[in-house]
Amino acid sequence: AIQMTQSPSSLSASVGDRVTITCRASQVIRNDLGWYQQKPGKAPKLLIYAASTLQSGVPSRFSGSYSGTDFTLTISSLQPEDFATYFCLQDYNYPWTFGQGTKVEIK
Amino acid sequence: EVQLLESGGGLVQPGGSLRLSCAASGFTFTGYVMNWVRQPPGKGLEWVSAIIHSGDNTYYADSVRGRFTISRDNSRSTLYLQMNNLRAEDTAVYYCARDPVGMSDYLDYWGQGTPVTVSS
């Protein structure tokens with residue numbers, strides 16, 4: 001199975017900060033990766049698919065990019081509602097695999 | 108409005124069985140690949156299984172292959188997960204989610220989850 005290594009596992013940031021989260025795939029997965037946000041007690045929410053396509057209704061401060069097997073989620077200006085845990089998910093082939101998650105906390 | 112409503116979770120002893128259901132509404136069920144994803148308490152997400160539109164092809168995580176069976180009833184717009192020989196490590200909230208399968212795959216709608224606890 002493809003392994004997804006996500007970093008950091010947690011970070012502290014302030015409102016207005018630029019935040020970057022990365023996932024590295026253990027092999028080439030083209031652009032077959034999505035980013036999901038999860039708040040406590042809630043189901044995950046799709047933010048970005050195909051590495052860089054913003055899901056409808058998601059604020060434009062969220063963006064995704066990739067180079068080779070390295071994928072990045074960027075929040076350009078962190079808002080209070082963005083404090084949550086973020087996961088990447090490779091959908092290149094089955095079994096799909098998630099990254100370990102990044103918890104974004106208030107500094 | 109798209110809705111996915113899981114049910115069937117609960118407390119079961121190790122070695123026991125449970126069947127989860129996910130009732131779909133608000134969209135054409137046959138147009139989507141359906142998935143199960145789980146999350147152990149306080150931990151990350153784990154993709155569990157997927158089933159294509161017709162039900163002819165199914166896919167599983169290594170951790171559940173041979174113990175879990177995914178199925179769907181398109182006439183009832185319902186997804187199922189039959190879980191046998193349950194282990195303590197299967198304790199988790201189980202979510203169903205749909206995959207549009209167009210140019211890209213992704214999970215755009217999720218249910219609220221149903222908790223499964225495997226304990227004696």
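Each protein sequence line maps, in turn, to chains A and B.
With this note's numbering, the residue at position 56 of the first sequence is 56, and numbering never jumps.
Start counting at 1 in the second sequence, then tack on 107, and there's your number in this note's numbering.
No residue lacks a Cβ here, since even glycine has one placed at the ideal position from N, Cα and C.
All values reported here derive from a predicted model rather than from experimental measurement.
Check	Outcome
Contact under 9 Å by Cβ, B:E153 with B:T221	no
Alpha-carbon spacing of A:Y94 relative to B:T185, whole angstroms	22 Å
N-terminal and C-terminal residue of the beta strand (DSSP E) that A:E105 is part of	T102 to I106
CA nearest to the CA of A:P44, picked from B:I177, B:C203, B:V223 and B:T198	B:C203
Chain B contact for A:Q55 (CB, 9 Å cutoff)	yes
Euclidean distance between Cα positions of A:F62 and B:G122	44 Å
Under 7 Å from the C-beta of A:Y94: neighbouring residues of chain B	A157 and Y166
A:R30 and A:D70 closer than 9 Å at C-beta	no
Per-residue contacts from B:W154 into chain A (C-beta, under 8 Å)	L89, P95, W96, T97 and F98
Neighbouring residues, chain B, relative to A:G101 (Cβ below 8 Å)	G151 and L152
Residues sharing a beta bridge with B:W154, DSSP	B:V144
DSSP-derived helix/strand/coil call for B:T176	strand
Beta-carbon proximity list for A:W96, same chain, < 7 Å, skipping 5 on both sides	L89 and Q90
Any C-beta of chain B under 9 Å from that of A:Q37	no
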